[in-house]
RNA sequence: GCCCCCAUCGUCUAGUGGCCUAGGACACCACCCUUUCAAGGUGGCGGCACGGGUUCGAAUCCCGUUGGGGGUGCCA
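In my numbering, the protein residues as written are 152 to 633.
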């Protein structure tokens with residue numbers, strides 16, 4: 152190996168996703184990552200992952216892996232040809248400082264020795280706000296306590312934004328911002344731009360909160376002698392209070408949703424259709440779209456301009472839809488992962504078709520069917536069950552007794568169990584909806600649950616009869632005593 | 001305070017001057033179906049923030065007001 156490694160660059164546009172490492176992956180970040188990903192792939196370009204790890208206080212190696220894993224979960228795979236990275240901002244520290252020095256040499260930046268207190272004092276004294284350019288022409292050199300500031304030129308900066316059109320800023324309202332701190336480290340504004348230049352980024356797609364930074368960064372690109380990238384600022388995600396989603400108040404960790412049983416496909420679909428509607432969705436009467444369709448149709452120009460409420464209820468609806476659309480075999484396999492290890496998988500597979508359409512998340516699977524996995528002979532709380540209103544009617548106890556008799560003989564299939572119960576209930580002149588209630592409570596311990604006869608078929612004759620008998624005893628004791 | 005962005009049903013949105021009596025999705029309500037609960041089907045409730053213009057015609061264009069959000073760090 153000789154010389155430097157020249158990165159092999161694919162011809163298309165180069166997008167980038169530049170998260171700073173934290174303990175979790177923000178859903179808002181997931182959305183912009185997805186948007187960058189869709190564009191990079193469709194346009195035959197590159198998705199560059201850059202970890203902005205310059206803030207040493209929050210920088211742990213395992214967090215980088217967390218980001219890569221989270222991205223992989225939503226389909227942004229580091230194995231894909233369009234994926235490049237991860238790059239680390241910390242690895243470009245020399246370039247950041249070199250750029251600052253170049254700006255200094257060209258007279259486009261200067262040293263300043265004012266402290267924050269002094270700046271405030273001047274602002275107060277002269278009645279302006281922020282830094283007033285005090286050191287612009289003092290020709291200070293480097294020194295302790297000296298920062299490097301950018302000399303903002305006069306005029307207007309026009310940012311061409313793919314989602315917002317042209318946004319112009321009067322440079323007079325932009326102060327000479329800091330490029331290099333007094334401790335010699337570069338600030339985000341500089342590092343971010345230098346990295347983008349180094350990585351030959353052509354398209355910056357990020358959240359709207361960065362829009363006010365953009366004129367500054369654009370000036371930096373130009374001062375450094377480069378054509379600025381295409382900008383696109385997508386609206387932020389907000390909570391019910393219409394505030395930017397925050398880690399403190401809101402549930403924003405992608406990993407949390409994953410652990411709560413949300414499907415990656417549903418999450419991706421939901422995130423991408425927040426602020427963007429795929430063509431044809433209205434005619435189809437559905438907002439459920441596959442990734443290939445999204446990738447083929449997503450355009451920045453079509454993204455809405457206003458903030459969107461991250462509505463977990465709608466996400467849940469999407470998730471339920473995706474669960475129902477899963478092929479049964481796949482559902483059984485994935486849902487089985489949510490089960491306690493000692494639960495019989497075959498037994499689960501038998502009941503699976505009956506719970507698939509009753510779910511919002513995969514995590515709810517165990518609680519729906521736990522009664523099928525109680526150890527045989529385990530005592531249920533029949534005293535409590537006996538108090539259920541299902542046993543309130545005078546026909547309840549005799550019906551249960553008759554059902555037990557019938558079930559000793561009936562062939563053990565759901566259909567036969569239903570026929571047997573129907574035969575019994577006719578004697579009491581009640582409908583199936585009512586008749587099944589005490590049986591359900593006796594067998595499952597609850598008044599709602601998966602289809603009864605199918606459940607009993609899976610449970611087996613012995614255990615079903617045992618539970619029915621226990622219930623009759625408990626109810627009998629309760630009513631006899633009162 | 002200053003700078004910037006935004007504004008259609010509760011929510012996410014379609015809508016780019018006539019096709020809008022404003023469409024869809026989620027949520028909600030009712031009914032149907034039904035083995036409880038779901039799912040599914042049908043129907044319903046519900047919106048162009050306000051005020052001025054421009055135009056034969058405005059949800060769509062312009063101005064203003066109001067409201068919301070973002071940014072204003074030697075954080076990213």
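The beta-carbon is built from N, C-alpha and C at its ideal position, and this holds for glycine as well.
Every value quoted in this text rests on a predicted model; they were computed, and no experiment measured them.
Whole runs of the beta strand (DSSP E) within the segment 296 to 333, excluding any shorter than 3 residues | 298 to 301, 307 to 312, 316 to 321, 329 to 331
Chain-order list of residues whose beta-carbon lies under 6 Å from that of residue 214 (same chain, five-residue window excluded) | 172
Confirm, please, whether the CB-CB distance from residue 176 to residue 355 is below 9 Å.
-> no
In its own chain, which residues sit with a C-beta less than 7 Å from the C-beta of residue 442, not counting the 5 before and 5 after it?
-> 226, 419
At a cut of 8 Å, does the segment 588 to 598 reach the segment 506 to 523 through at least three beta carbon pairs?
-> yes
Separation of residue 291 from residue 285, as counted between CA atoms = 11 Å
By how many angstroms is the C-alpha of residue 423 removed from the C-alpha of residue 185?
-> 7 Å
Near residue 622, what residues of its chain come up, given a Cβ to Cβ distance below 6 Å and the 5 sequence neighbours on each side ignored?
-> 533, 593
Would you check if there are 3 or more beta carbon pairs closer than 8 Å linking the segment 245 to 261 to the segment 300 to 320?
-> yes
Got a sec? Which residues, its chain only, sit under 6 Å from residue 449 by beta carbon, not counting five neighbours each side?
-> 189
Candidates 321, 573, 370, 504: closest to residue 345 by CA position = 370
With a threshold of 16 other CB atoms inside 10 Å of the CB of residue 367, please say whether the residue is buried or exposed.
-> buried
Helix, strand or coil: which one does DSSP assign to residue 354?
-> strand
Thinking C-beta only, is residue 405 closer than 9 Å to residue 169?
-> no
Measure the CB-CB distance between residue 536 and residue 625 and report whether it falls below 9 Å.
-> yes
Of the residues 283, 191, 548, 264, which one's Cα is nearest the Cα of residue 619?
-> 548
Using a threshold of 9 Å, state whether the C-beta atoms of residue 510 and residue 543 are closer than that.
-> no
In this structure, does DSSP put residue 558 in helix, strand or coil?
-> helix
Determine the DSSP secondary structure at residue 428, reduced to helix, strand or coil.
-> coil
How big is the Cα-Cα spacing for residue 502 and residue 311?
-> 57 Å
Sorted by chain position, which residues of the same chain lie with C-beta nearer than 8 Å to residue 204's C-beta, five sequence neighbours on each side aside?
-> 171, 172, 210, 215, 239, 240, 241
Thinking C-alpha only, which one of 495, 248, 293 is nearest residue 340?
-> 248
Alpha carbon of residue 428 to alpha carbon of residue 568, nearest angstrom = 48 Å
In three-state DSSP terms, what is residue 260?
-> strand
Quick one: grab the DSSP three-state call for residue 699.
-> Since the first and last residues shown for the chain are 152 and 633, residue 699 lies out of range.
Does the pairing of the segment 386 to 405 with the segment 447 to 462 give three or more beta-carbon distances under 8 Å?
-> yes
At which residue ranges does the segment 355 to 379 contain complete beta strand (DSSP E) runs of 3 or more residues, listed in the order of the chain?
-> none
Buried or exposed: residue 492, going by 16 or more other Cβ atoms within 10 Å of its Cβ?
-> exposed
From what residue to what residue does the alpha helix (DSSP H) around residue 188 run?
-> 178 to 193
Check whether residue 123 and residue 589 have beta carbons under 9 Å apart = No statement about residue 123 is possible, as the shown extent of the chain runs from 152 to 633 and does not include it.
Residues of its chain near residue 273, where Cβ-Cβ distance is below 7 Å and the 5 sequence neighbours each way are ignored = 283, 285
Between the C-alpha atoms of residue 402 and residue 179, what's the straight-line distance to the nearest angstrom?
-> 11 Å
Which first and last residues belong to the alpha helix (DSSP H) in which residue 589 is found?
-> 583 to 595
Same chain, Cβ closer than 6 Å to residue 352, neighbours up to 5 away in sequence not counted | 165, 167, 380
Bridge partners - residue 201, DSSP secondary structure assignment | 238
If you draw a straight line from the alpha carbon of residue 343 to that of residue 416, how long is it in whole angstroms?
-> 31 Å
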